[in-house]
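In the working numbering, the protein residues as written are 2 to 570. Ideal Cβ positions, reconstructed from N, Cα and C, are used throughout, including at glycine.
Structure (structure tokens):
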């Protein structure tokens, strides 16, 4: 039995002297930048009445709040961020002050997140809120100060991606999409799943040009040129105004000298509903998650009785610490030898190698048939995969010419390696992506490894599943099965987790049906089972880490485009 008094709970940890010194320095550097720009420090309670957050849909769901009761039985919640608390404070206690109000803060926030990798349940945010202005200049100010603060911390290379939720909302309004379809579409666009976007749009009647634009949204990221590409004739006022707003803010930031740090992404659609205008995230090497985020939230203030414009940003101090630590670790590794080669010098690669500029792109491949098929494609586009085709127990293979690394991992682990940044790119089956639910970009349907996820069982149950009151479902894919019955069929079922030979479950009375992958159906038929319903079609997908996409866009998109062109041939 564990002696819990010797340990910290999951998601929290002790910060020892050396780390605390670094953390204090980072917080101090951030606050110095904000203070110099006339932002005033405030401190809000560590917990609020639950009502403060109730009904606020979005990224911070009610399930992610730490809730407890006071002595009168009222529900309280630990703050999941500072924005809501500061909005409440400004609306109720600072409403008579000259506008705009400029606040800065630094402190702990709490969420019941997954605890692997860079995700903690207690973490420190330092940030700013500019309240009382609808001006694009206020948006540009907040983005610029966020960049300055990160530079002051020691982050030398970063990418601040800026989107505009008003553009997508305008498209939804113009096309008359149902709320359910719009939310599904938003999720697919945000994860850059073009295949999923096409599937949703296939049965929806709308203007051909608008449908093509929505299909292209996942890939509409880059510089100011994407605004011109998106500015179609016939766009409604809401979408056009959003593009004009982005164009203005991007121009201001460029004029202020920040052009090299910022880019635009019309397919970035964060799921916090209170954002009404620009949204942005910041990325850097060394960590697989954003190090900062922010946006405009004009409607949030009205929840507390004061309707006014507002924009803010939060920097994840713990993630900045991780990024700086990783950068320092990489500096201490042996440098890449100078490539004294005329051919390399002529192509400009020598400078990148000798300066440590060009990093390896790492590809995670699912062991087995998928890896073999992926190797064939990588070989066809000029990558050296010969080592991997040899009989060996090695798990890491290097293509020095193209600065690529390939790692062989268990299929179910590919999304984890990619999400946390241990791999930049992954090749994995759609079944694994559905089950793991990782936060990454799903870029290309590779077209091989095709099969189906199905509900299977005795033939006499065909068409009768809805009538079984307490349906028992056995599966290795419990998350997928649960979503299908709950969200698609609206049916409450008993899910039983199995790890193999799931066909046995209905034969011995453990379950009524199973949810499993079906390729030929031979195993089902030999055991007296049939496909009763199809959950979805499956195939291999190319996935990309979100930070890698921002920091290594050109190299990764070159691979994505080449894979996509092969897929179309």
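Query: Range covered by the alpha helix (DSSP H) that runs through residue 32; Result: 18-37
Query: Distance, residue 402 Cα to residue 352 Cα; Result: Low confidence applies here, because residue 352 scores a pLDDT of 35, under 50, leaving its location unreliable; read the following figure in that light. Whole-angstrom Cα-Cα distance: 14 Å.
Query: Buried/exposed call for residue 546, threshold 16 Cβ in 10 Å; Result: buried
Query: C-alpha gap between residue 124 and residue 111, whole angstroms; Result: 7 Å
Query: For residue 1, the nearest candidate out of 278, 16, 467 (CA to CA); Result: What the structure shows of the chain is the stretch from 2 to 570, and residue 1 is not part of that stretch, so it cannot be assessed.
Query: contact_flag[the stretch 192-209, the stretch 436-447] where n(CB pairs < 8 Å) is 3 or more; Result: yes
Query: Environment of residue 456 [buried if 16+ CB atoms lie within 10 Å]; Result: buried
Query: Residues bridged to residue 182 (per DSSP); Result: In DSSP, residue 182 forms no bridge with anything.
Query: Residues that DSSP places opposite residue 307 in a beta bridge; Result: Answer by DSSP bridge pairing: none, since residue 307 is not bridged.
Query: For residue 211, the first and last residue of its enclosing beta strand (DSSP E); Result: Segment 209-217 is the alpha helix (DSSP H) holding residue 211; no beta strand (DSSP E) there.
Query: Same chain, Cβ closer than 8 Å to residue 88, five either side skipped, listed in chain order; Result: 130, 132, 298, 301, 302, 304, 305, 311
Query: Beta-carbon proximity list for residue 85, same chain, < 8 Å, skipping 5 on both sides; Result: 49, 53, 54, 57, 301
Query: Segments assigned beta strand (DSSP E), at least 3 residues, entirely inside the stretch 64-127; Result: 68-70, 76-79, 102-111
Query: At least 3 beta-carbon pairs within less than 8 Å: the stretch 276-296 vs the stretch 154-165; Result: yes
Query: Residue range of the unbroken alpha helix (DSSP H) whose run includes residue 576; Result: What the structure shows of the chain is the stretch from 2 to 570, and residue 576 is not part of that stretch, so it cannot be assessed.
Query: Per-residue burial, residue 485 [other beta carbons within 10 Å of its own, 16 or more giving buried]; Result: buried
Query: Distance CB(residue 1)-CB(residue 163) smaller than 8 Å; Result: Here the chain comprises residues numbered 2 to 570, so residue 1 is not present and cannot be evaluated.
Query: Beta-carbon separation (whole angstroms), residue 198 vs residue 216, contact threshold 8 Å; Result: 6 Å
Query: Where residue 322 sits in the DSSP three-state scheme; Result: helix
Query: Close-in-space but distant-in-sequence residues of the same chain around residue 346 (CB under 7 Å, 5 per side omitted); Result: Any reading at residue 346 is ruled out, since the residue's pLDDT is 36, under 50, leaving its predicted position unreliable.
Query: 8 Å Cβ shell around residue 23 - same chain, five flanking residues per side excluded; Result: 322, 325
Query: Whole-angstrom C-beta distance between residue 38 and residue 147, which should lie under 8 Å; Result: The Cβ separation is near 11 Å, so there is no contact.
Query: Under the three-state DSSP convention, the category residue 552 falls into; Result: helix
Query: Neighbourhood of residue 498 by C-beta distance below 7 Å, restricted to the same chain and skipping five residues each side; Result: 479
Query: Meets three-Cβ-pair contact criterion under 8 Å: the stretch 455-469 and the stretch 510-527; Result: yes
Query: In DSSP terms, what residue 363 is bridged to; Result: 406
Query: Buried versus exposed call for residue 235 [16 or more other C-beta atoms within 10 Å across all chains shown]; Result: exposed
Query: Proximity winner among 32, 400, 43, 261, relative to residue 104 (alpha-carbon distances); Result: 43
Query: Proximity below 8 Å, CB of residue 101 to CB of residue 139; Result: yes
Query: Where residue 188 falls: helix, strand or coil (DSSP); Result: helix
Query: Residue 6, DSSP secondary structure in three states; Result: helix
Query: Sequence-distant residues of its chain with Cβ nearer than 8 Å to residue 82 (five each side left out); Result: 61, 110, 126, 315
Query: Rounded C-alpha distance that separates residue 261 from residue 362; Result: 22 Å
Query: Rounded C-alpha distance that separates residue 501 from residue 382; Result: 37 Å
Query: Residue from 94, 481, 143 whose Cα sits closest to the Cα of residue 40; Result: 143
Query: Span separating the alpha-carbon of residue 187 from that of residue 391; Result: 43 Å
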